[in-house]
Amino acid sequence: MARAIIKKASEADERRPFVSHGEATVLNMGALSLGRGYFEPGWQWSKHVKPIAGTETCEVVHTAVVLSGRMHVQMKDGQELDLEPGDVAFIPSGHDAWVVGNEPCRLVDFTGAEDYAVAKAGKEEPEQPSLQ
0 MARAIIKKAS EADERRPFVS HGEATVLNMG ALSLGRGYFE PGWQWSKHVK PIAGTETCEV
60 VHTAVVLSGR MHVQMKDGQE LDLEPGDVAF IPSGHDAWVV GNEPCRLVDF TGAEDYAVAK
120 AGKEEPEQPS LQ
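Following this line, the structure appears as structure tokens:
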């Protein structure tokens with residue numbers, strides 16, 4: 000039988016800094032890995048996560064709730080989405096995304112945390128900036 004789990008969102012099990020302009024944190028909740036994303040103004044997946052992932056577009060599927068800020072998503076097929084606080088979005092693999100405006104974007108991702116901002120097998124992660 001599964002046991003109930005409670006954790007503080009501020010005490011992530013894993014922290015994954017981007018090349019710059021933000022980070023993803025992961026809370027392992029048994030069968031589910033919950034992700035929290037913090038994206039600073041100027042962040043763009045193709046600039047700040049692509050070097051880590053090693054793929055042309057983000058290949059992670061996301062089901063996310065936007066808590067603050069705004070983000071624009073452009074799918075490989077040309078579909079575009081504008082996300083704002085309170086939006087719940089399903090975003091299939093094959094996309095780029097970037098922060099819109101001067102406010103950081105914060106979101107919770109219910110399906111993409113396990114594989115987001117992780118170096119692809121056989122590819123070394125680029126050196127991360129020092130947080131000191």
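Each residue of the sequence shown is one higher than the one before, starting from 0 at the first, in my numbering.
Every residue gets a Cβ at the ideal spot worked out from N, C-alpha and C, and that includes glycine.
*Check the C-beta distance from A88 over to W44 and give it rounded, since I have them as a contact under 8 Å.*
Locating residue 88 in the sequence shown gives position 89, counting from the first residue. Locating residue 44 in the sequence shown gives position 45, counting from the first residue. A Cβ-Cβ distance of about 14 Å is found for the pair A88 and W44, leaving them out of contact under the 8 Å criterion.
*Please classify E79: is it buried, with 16 or more other beta-carbons within 10 angstroms of its beta-carbon, or exposed?*
Here residue 79 refers to the residue found at position 80 when the sequence shown is read from its first residue. Exposed, because fewer than 16 other Cβ atoms sit within 10 Å of the Cβ of E79.
*Tell me whether S45 sits in a helix, a strand or coil according to DSSP, three-state version.*
Translated into the one-based positions of the sequence shown, residue 45 becomes position 46. When secondary structure is reduced to three states using DSSP, S45 falls in the helix class.
*For the segment 23 to 71, which segments carrying the beta strand (DSSP E) assignment without a break, of at least 3 residues, lie completely within its bounds, in sequence order?*
Whole beta strand (DSSP E) segments, 3+ residues: 31 to 38 and 61 to 67.
*Rounded distance between the beta-carbons of T24 and E39, thought under 8 Å*: Here the question's residue 39 lines up with position 40 in the sequence shown. Here the question's residue 24 lines up with position 25 in the sequence shown. The Cβ separation is near 15 Å, so there is no contact.
*Specify, as a first and last residue, the run of the beta strand (DSSP E) that H94 falls within.*
Here residue 94 corresponds to residue number 95 of the sequence shown, with the count starting at 1. Element bounds for H94: H94 to V99.
*Are there 16 or more other CB atoms within 10 angstroms of the CB of E83, so buried, or fewer, so exposed?*
Position 84 of the sequence shown, counting from 1, holds the residue named residue 83. Counting Cβ neighbours within 10 Å, E83 comes out exposed, since fewer than 16 surround it.
_Residue range of the unbroken beta strand (DSSP E) whose run includes F109_ = Reading the sequence shown from its first residue, position 110 is the one you call residue 109. Under the DSSP assignment, F109 falls outside any beta strand (DSSP E); it carries neither an H nor an E label.
*asked:* Let me confirm a value: A141 is counted as buried when at least 16 other C-beta atoms fall within 10 Å, else exposed. Which label applies?
replied: Residue 141 lies beyond the stretch modelled for the chain, which goes from 0 to 131, so this question has no answer here.
*Do H47 and I90 have their C-beta atoms within less than 9 Å of each other?*
The residue labelled residue 47 in the question sits at position 48 within the sequence shown. The residue labelled residue 90 in the question sits at position 91 within the sequence shown. No, these two residues do not count as a Cβ contact at 9 Å.
*Can you tell me the Cα-Cα spacing of W94 and I4, whole angstroms?*
For the purposes of this step, residue 94 is taken as residue 95 along the sequence shown, with counting starting at 1. For the purposes of this step, residue 4 is taken as residue 5 along the sequence shown, with counting starting at 1. Position check: residue 94 holds His in this sequence, whereas Trp was assumed. Inter-residue distance for H94 and I4 is about 32 Å (C-alpha atoms, whole angstroms).
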